[in-house]
Structures are given as structure tokens and as C-alpha cells.
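So for the sequence shown, our numbering puts the first residue at 221; every next one is plus one.
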Amino acid sequence: MRATDATRLYFDAAADQLDLSPSMRELLLTAKREVQVQIPIERDSGELATFIGYRVQHNDARGPFKGGLRYHPQVDLDEVRALAALMTWKTAVVNIPYGGAKGGVAIDPRSCSVRELERVTRRFVDAIHDLFGPDVDIPAPDMGTSADVMAWIMNQYGKYHGFAPACVTGKPVEYHGIPGREEATGRGVGTLTLKLLGRIGRPIPGTRIAIQGFGNVGTHTAKYLHDAECRIVAVGDATAAFHRADGLDVLELLRYAREHDGRLAGFPGGDAITGAELLAAECEVLIPAALGGVITTANAGAVRARLIVEAANAPVEPDADTILAERGITVLPDILANAGGVTASWFEWVQNRQHYQWGINRVRQELDRILSEAFEQVWHLAQSRQVPLRTAAYMVGLGRVARATVLGGLA
Ligand code: NAD
Numbered sequence: 221m222r223a224t225d226a227t228r229l230y231f232d233a234a235a236d237q238l239d240l241s242p243s244m245r246e247l248l249l250t251a252k253r254e255v256q257v258q259i260p261i262e263r264d265s266g267e268l269a270t271f272i273g274y275r276v277q278h279n280d281a282r283g284p285f286k287g288g289l290r291y292h293p294q295v296d297l298d299e300v301r302a303l304a305a306l307m308t309w310k311t312a313v314v315n316i317p318y319g320g321a322k323g324g325v326a327i328d329p330r331s332c333s334v335r336e337l338e339r340v341t342r343r344f345v346d347a348i349h350d351l352f353g354p355d356v357d358i359p360a361p362d363m364g365t366s367a368d369v370m371a372w373i374m375n376q377y378g379k380y381h382g383f384a385p386a387c388v389t390g391k392p393v394e395y396h397g398i399p400g401r402e403e404a405t406g407r408g409v410g411t412l413t414l415k416l417l418g419r420i421g422r423p424i425p426g427t428r429i430a431i432q433g434f435g436n437v438g439t440h441t442a443k444y445l446h447d448a449e450c451r452i453v454a455v456g457d458a459t460a461a462f463h464r465a466d467g468l469d470v471l472e473l474l475r476y477a478r479e480h481d482g483r484l485a486g487f488p489g490g491d492a493i494t495g496a497e498l499l500a501a502e503c504e505v506l507i508p509a510a511l512g513g514v515i516t517t518a519n520a521g522a523v524r525a526r527l528i529v530e531a532a533n534a535p536v537e538p539d540a541d542t543i544l545a546e547r548g549i550t551v552l553p554d555i556l557a558n559a560g561g562v563t564a565s566w567f568e569w570v571q572n573r574q575h576y577q578w579g580i581n582r583v584r585q586e587l588d589r590i591l592s593e594a595f596e597q598v599w600h601l602a603q604s605r606q607v608p609l610r611t612a613a614y615m616v617g618l619g620r621v622a623r624a625t626v627l628g629g630l631a
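Below you can see the structure in the form of C-alpha cells.
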């Protein structure tokens, strides 16, 4: 299923509940602007290479467009379009004053030198600098882009428009970024997992967790839940997966990954399992924190967790979502579960604009408050309307965007 078709299904379920008119649905589904640009650069070898860059600005009814920039060989317009719409609902669910956007460059960052990536980034900014900015559209890191890429974006943007650190978020802490941004998505996943466990009446200590993906989100999620006395029984990445029934040593896993270029292959402290076995691990909570589309009709029947927390974007395919619901497995949807990153991005933007620094404690406190409020709202709506958490989250998001559209006026 195409990415846009999947998000459309979730959109329709919520729009039906809200009784949105066909004309409002059409307006909310259509992107406000879609841009495709050519990015020619000179390789280190002196050869010419041409890449394609995209920026989809989906909706700005509630505030400036906001969304990540992805560098990945399979980036295409359909995927960027679907991810841009997800951002609109995500910023609305957590009620931060942004719309939704996404960008991408079809490039394999691992096949480029750092200097080549810098040239691609600066040429991309040259092509779109009039289309983004602190009050217009604020990019951030996503798959394949780092804080360094955000620093280049800010620097290149400044050459056209002057000093404007709020034109991009996820910057290095030493270059107008904020402490707490990097951990924020994983911390948010952890916070929301604990809230969900609380709501179903499950004691937290000893709760068994399986995590797919041990990058930025997976590592911070594992650390947070380990600190909360959960048992991380299975962890995997692109290179390997490991299981230990009485809990893996998370600090050892983190140390091992740090010392092995971020990879888990060869970790000595657990039994090696396959990626498929990880998704079917005996546990209370399964947290997919790697790729989209990993839980499908083929493996949804094998999931043994009671809860799935979608740390990655769109890890559960819509047909699999139906199977999980029939099996009584609760899914906390991506647009709420991984919203910690964009929420902390908002804090960075606010501080950049105020030329002020909050400090890590205030960042964590505000993050926990905003995510907790959003969770409670979605939980209560799901209970009162007897709908899945995903439909409730979309209802909260769509409702806010539709209301802002009406209040702003269309004339
Ligand atoms: P990352 O690149 O830091 O880590 C990705 C991890 O997934 C790595 O450990 C990698 O080895 C693993 N992986 C890749 N292919 C795999 C496979 N086939 N099987 C198992 N593991 C595999 O990325 P990240 O920033 O941690 O993002 C993870 C997911 O969370 C993505 O879907 C991303 O869109 C989403 N997300 C991230 C943020 C953020 O702030 N970083 C915010 C919202 C959503």
C-alpha cells in the first residue's frame, strides 16, 4: 500500500467520527505546496552528480509548517507527502503551534563524504531558501540527517536572510541547539509507555519490553524504561537482535553500541534471535523504533505483546492494525507516541526566538507535561467514543486543524 493511502485510511476513520464535510476533507488532505528541485554538486572526485530534493508543505492553519528533512535513497514524493500530512496531525495532537511539512533528498548519505553532504545541503538551501524560515517552515533532522546538517542549513540560510537560528531545529547544542532535544523522542516514548501501562493497571517494575531499532529513538527509549525498572527482554537493530528473559543489561548494550559504530552485532550479553523473533517476543510492550511497515498481515498474528508503542513512523500497516485490534492488542499511534521530538524542537525554536536558554530540567519538565496532557485527552476520547487510540489521536488532530481553518477564514 502506498504511504499516502495508509494515512488516508486513518484520516477517514477519524473524519467519519467527526462528521467532517467532503469539502473540508478535501482541503485538509491536499498539500498547500509541493516543491521538487534539482541539486547538482561536484563530487570530491571532480565528477558532477545530480540529486532530487523535495519539500512538501502540507498545512499551516495552526502555525508555520514544521517537519524533518530525510536523506535516503528511496525518498520519493509520495512518501514525503504522507509524512508531511502525519506532521500536521502530530503537531495538532500535542497542541503545539505548528502545521506540518516534510522534506527529503533521494541520496544515500553513507555513499557520500561529509563534504559532499555539506555541498548537497547548501545547494538544497540555495534552491528553497525563499520557501522556509522561522515564521514560514522550519526543517529538522530525520532519517539520514544529523545535527551537523541542521547547522549547515542555518548557516546557508543566514547568507541570504541574516542571523536566524529559529529557521531550523535539531541543531548542535554548541550551535544554537538545546540540551534535551536529542533524547526527546525516546524520552517521550518512554513517558507515554509508562502512562499507558498505568491506564491498563499494569505495575511498571518488571514489565517486559522488546525494542526494534537501537538508534537515536531506540537507545533513549531503552535507557528511560530501564531507569523506570522495566525489563528490556529483546533489542535489535539492522545488524543483529538479542533476547534475555530476565532482562538485557541496557547500560552494557549502550556501551557496546557506542564502541562498535552504533551496531549491536556481536553483543555478548544475550541470546541471538532473528528480527522476526524479536517482533514475536514474549513481552508486555513491543516498541518498533526503526522502520515503517514492519508489522504486516504476515506477522501481526505472531505478535505476543499486549501493547505496541509506535516509536517509528508508520511501523504498523493498516491491515495489520485491524488484525491487532481483533486480537485485543492496543496500539499507541505514531502521531502521539513519537511526538516528543517535534515538541522539543518547538522548545528550541522558542528559545532561539527569545535568545534565552532554559536548561535541561525545564525542557524535560515541559516535555513531560505536554505529552501527558495529550495522552490523557486521547485516552479519554478513545474511552468515551469507544474507538481505538489511533482514531482518537487523529480525531484530536483533525479537529484542531479543521477548527483553525474555519477560524482563520477561507476568503
Ligand atoms: P536512527 O537512524 O538513529 O536508528 C534507526 C535504527 O533502526 C538503527 O539502530 C538501525 O540499525 C535500525 N534498523 C534499520 N533497519 C532495521 C531493520 N531492518 N531491522 C531492525 N532494525 C533496523 O533513527 P531514529 O532517529 O532512531 O529513528 C527511528 C524511527 O523513529 C524512524 O522511523 C524515524 O522516522 C522515527 N522518528 C524519529 C524521531 C527522532 O527524533 N529521531 C522523531 C520521530 C520519529
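Glycine included, every Cβ here is placed at the ideal spot set by N, Cα and C.
Check for me: the beta strand (DSSP E) holding residue i runs from which residue to which?
| i | result |
| --- | --- |
| Glu-246 | From DSSP, Glu-246 is part of no beta strand (DSSP E) but of the alpha helix (DSSP H) over 242-249. |
| Gly-320 | 320-326 |
| Asp-357 | 357-361 |
| Glu-596 | Per DSSP, Glu-596 belongs to no beta strand (DSSP E); it is in the alpha helix (DSSP H), 580-605. |
| Leu-527 | 527-529 |
| Ile-431 | 428-432 |
Counting along the chain, where does the alpha helix (DSSP H) carrying residue i start and finish?
| i | result |
| --- | --- |
| Glu-472 | 470-479 |
| Tyr-274 | Where Tyr-274 is concerned, there is no enclosing alpha helix (DSSP H), although the beta strand (DSSP E) it sits in stretches over 268-279. |
| Gly-418 | 404-419 |
| Gly-561 | 560-574 |
| Pro-538 | 538-546 |
| Arg-339 | 334-348 |
Measure the C-alpha to C-alpha separation of residue i and residue j and round it to an integer number of angstroms.
| i | j | result |
| --- | --- | --- |
| Gly-435 | Glu-537 | 22 Å |
| Asp-239 | Asp-539 | 23 Å |
| Ala-360 | Lys-286 | 8 Å |
| Ile-580 | Gly-408 | 14 Å |
| Asp-481 | Ala-448 | 27 Å |
| Ser-592 | Gly-320 | 21 Å |
| Pro-399 | Val-583 | 8 Å |
| Gly-426 | Lys-310 | 31 Å |
| Ser-241 | Gly-628 | 17 Å |
| Ile-172 | Arg-253 | Outside the shown range of the chain, which is 221 to 631, sits residue 172, and nothing can be said about it. |
| Phe-271 | Ser-331 | 13 Å |
| Pro-385 | Met-374 | 6 Å |
| Gln-376 | Val-393 | 18 Å |
| Thr-227 | Pro-608 | 15 Å |
| Gly-486 | Val-514 | 23 Å |
| Cys-503 | Arg-343 | 47 Å |
Please tell me whether residue i and residue j are closer than 8 Å, where the distance is taken between their beta carbons.
| i | j | result |
| --- | --- | --- |
| Val-453 | Ala-501 | yes |
| His-440 | Gly-406 | yes |
| Val-257 | Val-295 | no |
| Cys-632 | Ile-429 | The structure shown does not extend to residue 632, since the chain is modelled only from 221 through 631, so no value can be given for it. |
| Arg-623 | Gln-237 | no |
| Thr-389 | Trp-578 | no |
| Tyr-318 | Gly-353 | no |
| Lys-379 | Phe-595 | no |
| Gly-489 | Leu-471 | no |
| Leu-417 | Lys-443 | no |
Between residue i and residue j, how many whole angstroms is the CB-CB distance? I'm expecting something under 8 Å.
| i | j | result |
| --- | --- | --- |
| Leu-268 | Leu-618 | Not a contact, Cβ separation roughly 45 Å. |
| Thr-459 | Leu-484 | 6 Å |
| Val-505 | Ala-532 | Wrong, their Cβ atoms sit about 14 Å apart, outside the cutoff. |
| Leu-544 | Ile-555 | With 8 Å as the limit, Leu-544 and Ile-555 do not qualify as a contact, their Cβ atoms being about 17 Å apart. |
| Ala-510 | Gln-597 | Wrong, their Cβ atoms sit about 28 Å apart, outside the cutoff. |
| Ile-316 | Thr-625 | Contact doesn't hold; Cβ gap of about 17 Å is too wide. |
| Glu-530 | Asn-558 | 7 Å |
Within a Cβ cutoff of 8 Å, which residues of the same chain sit near residue i, ignoring the five residues on either side of it in sequence?
| i | result |
| --- | --- |
| Arg-547 | Ala-520, Gly-521, Val-523 |
| Ile-493 | Ala-454, Gly-456, Ala-461, Phe-462, His-463, Ala-501 |
| Ala-660 | Coverage of the chain is limited to positions 221 through 631, which leaves residue 660 absent and any answer about it impossible. |
| Pro-293 | Ala-326, Ile-327, Asp-328 |
Who are the Cβ neighbours of residue i in its own chain at under 7 Å, not counting the five residues just before and after it?
| i | result |
| --- | --- |
| Asp-588 | Thr-411 |
| Ala-234 | Thr-611, Tyr-614, Met-615, Leu-618 |
| Asp-362 | Gly-288, Leu-289, Arg-290 |
| Asp-491 | Phe-462, His-463, Arg-464 |
| Leu-601 | Ala-612, Met-615, Val-616 |
| Ala-367 | Pro-361, Gly-390, Lys-391, Pro-392, Gly-397 |
With a threshold of 8 Å between beta-carbons, can residue i be considered close to chain D, or not?
| i | result |
| --- | --- |
| Glu-336 | Within the model displayed, chain D is absent; a lone protein chain is all it includes. |
Cutting at 6 Å between CB atoms, please list the residues of its own chain near residue i, excluding the five before and the five after it.
| i | result |
| --- | --- |
| Thr-365 | Leu-289, Tyr-291 |
| Leu-229 | Pro-538 |
| Glu-403 | His-440 |
| Thr-224 | Asp-298, Arg-301, Ala-302 |
| Arg-339 | Ile-261 |
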